[in-house]
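As structure tokens, the structure follows; a few thoughts come after it.
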Amino acid sequence: MTKITVLFLGRKGGGARFTIDCAEKLLAMGSLEKIVLNERNEFTHLAKRIFGDRLVLVPLGHPLTQIFRFLKPGNRRTLIEQTTGQCLFIPMSSITDVFHYSNFSLAKKVIRVIHDTKSHPGEVWPLNFFIDLSIKRTDIAISLNNKSTMYIREKYQKKVVIQLPLPAPNFSHNPTRESFQFDLLLLGRMKKYKGLELFTKALSELDFSNKKIIVAGEGMIKSSTKKALLSSGVEIRNYWLEEDEIYNLLSSARVVVLPYLEASQSGILAWCLENSKRTVLSSNPELVSQASSAITQNLAFVAEANTPKALANAIYYSLQHSSINLIRTKKSSILDTFVDRIKELYN
Numbered sequence: 261m262t263k264i265t266v267l268f269l270g271r272k273g274g275g276a277r278f279t280i281d282c283a284e285k286l287l288a289m290g291s292l293e294k295i296v297l298n299e300r301n302e303f304t305h306l307a308k309r310i311f312g313d314r315l316v317l318v319p320l321g322h323p324l325t326q327i328f329r330f331l332k333p334g335n336r337r338t339l340i341e342q343t344t345g346q347c348l349f350i351p352m353s354s355i356t357d358v359f360h361y362s363n364f365s366l367a368k369k370v371i372r373v374i375h376d377t378k379s380h381p382g383e384v385w386p387l388n389f390f391i392d393l394s395i396k397r398t399d400i401a402i403s404l405n406n407k408s409t410m411y412i413r414e415k416y417q418k419k420v421v422i423q424l425p426l427p428a429p430n431f432s433h434n435p436t437r438e439s440f441q442f443d444l445l446l447l448g449r450m451k452k453y454k455g456l457e458l459f460t461k462a463l464s465e466l467d468f469s470n471k472k473i474i475v476a477g478e479g480m481i482k483s484s485t486k487k488a489l490l491s492s493g494v495e496i497r498n499y500w501l502e503e504d505e506i507y508n509l510l511s512s513a514r515v516v517v518l519p520y521l522e523a524s525q526s527g528i529l530a531w532c533l534e535n536s537k538r539t540v541l542s543s544n545p546e547l548v549s550q551a552s553s554a555i556t557q558n559l560a561f562v563a564e565a566n567t568p569k570a571l572a573n574a575i576y577y578s579l580q581h582s583s584i585n586l587i588r589t590k591k592s593s594i595l596d597t598f599v600d601r602i603k604e605l606y607n
């Protein structure tokens, strides 16, 4: 039976959770050789409990020192030895792993999930260089939407580009606190492309004063935006959220708002789709495609344009709409299919 090594050298976020989920499925199938993680990964304790001696922790230190550390060939060889195996699966690239593998040819088949083909507005400019390297050093690319699939095939002449839907994150390992109901949730890292300012302006278009609204996630929020949110009665949780709090917020909100100005896919949206949670989306075509079935069920509502008025109207309709007989996706079915397909590609 083919044995697969799973690698993720980032520290936290959706990529870390996605890696754990995929590796756990491979372990249950008897196909996991080892999982290699940054020792600073936020899921280290969980990984130790799940994977035991199949877990390899790499001491990478502070993120700012990692690139300089990888300039030493000895450090590169150490990680190469730790990831030896017939096959290497990278559920989400990090700058760390791309830089590390940039100067040698892997003797194994590398399958990598390509979440984005270019950096988003507001992200550091060198990111495009590392995205380009990650695609070039991939034998089989897993794309998550039509646009990325066509881009990779045309620019990189990749013979094998497989398109698969993004599975929802699995929060089953974390405790669930007593839930509380509220109306609107905007959740995620506060990055420019995720549309916090658009959402803030949308709240001023209609009267949402009687609604309980929460904005949650780490990152920089402009003082003017924070002032406007607070004046609208919004609760702001501007810090890194642990998984149990994320699950609690998603479970308790009536509607989750994703006003992304640009995105190739969304793990939060995947969770909402799998759990029949009503969502409001911007007019971003990739997210609209990801949520197509939910839109036909009146479970997802799309703003007609990326304007405050259009987003406010979509939020209003989502709150007024009373969905019945919702069709629930079988729990983890998308993740099962995803990992089954990855396993097949190595055979």
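To convert a position in the sequence shown, counted from 1, into our numbering, add 260. We put the beta carbon where it would ideally sit given N, CA and C, even for glycine.
- For residue 281, the uninterrupted alpha helix (DSSP H) run begins and ends at 274–289, by DSSP.
- Where residue 549 is concerned, the enclosing alpha helix (DSSP H) starts and stops at 545–550.
- Annotation for residue 422: 402 place their beta carbon closer than 6 angstroms to its own, counting only its chain and skipping 5 residues before and after.
- For a cut-off of 8 angstroms, the C-beta gap from residue 594 to residue 425 is around 6 angstroms, short enough to register as a contact.
- For the options 374, 541, 265, the alpha carbon positioned closest to that of residue 290 is the one of 265.
- DSSP lists 264, 369 as the bridge partner or partners of residue 347.
- Here the alpha carbon of residue 443 sits roughly 24 angstroms from the alpha carbon of residue 525.
- The beta carbon of residue 510 lies closer than 8 angstroms to those of 445, 447, 516, 528, 531, 532, 535, 537 in the same chain, with the five residues before and after it left out.
- Secondary structure within the stretch 421–485: the beta strand (DSSP E) runs of 3 or more consecutive residues, fully enclosed, are 421–423, 442–447, 473–476 (chain order).
- Residue 395 is positioned such that its CB atom lies closer than 8 angstroms to that of residue 412.
- In the structure shown, residue 394 adopts helical secondary structure according to DSSP, grouped into three states.
- For the pair residue 456 and residue 485, the CB atoms are nearer than the 8 angstroms cut-off.
- Residue 314 sits close to residue 292, with the two beta carbons spaced by under 8 angstroms.
- For residue 403, DSSP records a beta bridge to 374, 423.
- One Cα belongs to residue 482, the other to residue 498, and the distance between them is close to 12 angstroms.
- The Cβ atoms of residue 285 and residue 599 lie closer than 8 angstroms to each other.
- Judged by DSSP in its simplified three-state form, residue 561 adopts strand.
- CA-CA distance, residue 559 to residue 577, rounds to 11 angstroms.
- Closest in C-alpha terms to residue 514, from the list 474, 500, 543, 488, comes 474.
- In the DSSP assignment, residue 309 falls within the unbroken alpha helix (DSSP H) covering 304–311.
- The alpha carbon of residue 270 has as its nearest neighbour, out of 282, 309, 377, 351, the alpha carbon of 351.
- Under the three-state reduction of DSSP, residue 388 is assigned to helix.
- Under the DSSP assignment, residue 540 falls in the beta strand (DSSP E) whose first and last residues are 538–541.
- Contact check for residue 520 against residue 262 fails: the beta carbons are separated by 8 angstroms or more.
- Going by DSSP, residue 513 is part of the beta strand (DSSP E) stretching over 513–518.
- Nearest in C-alpha terms to residue 569, of all of 548, 542, 555, 507, is 542.
- Following the DSSP letters along the chain, one finds residue 494 in no alpha helix (DSSP H), marked with neither H nor E.
- In this chain, the alpha helix (DSSP H) harbouring residue 534 covers 527–534.
- Here the C-alpha atom of residue 462 lies approximately 14 angstroms from the C-alpha atom of residue 490.
- A straight-line Cα-Cα distance of about 14 angstroms links residue 374 and residue 415.
- In the DSSP assignment, residue 604 falls outside any beta strand (DSSP E) and lies within the alpha helix (DSSP H) extending over 593–606.
- Residue pairing by DSSP places residue 317 opposite 297 in a beta bridge.
- Straight across, the Cα-Cα distance linking residue 493 with residue 431 is about 29 angstroms.
- Between residue 311 and residue 429, the beta carbon gap of about 18 angstroms keeps them out of contact (Cβ cut-off 8 angstroms).
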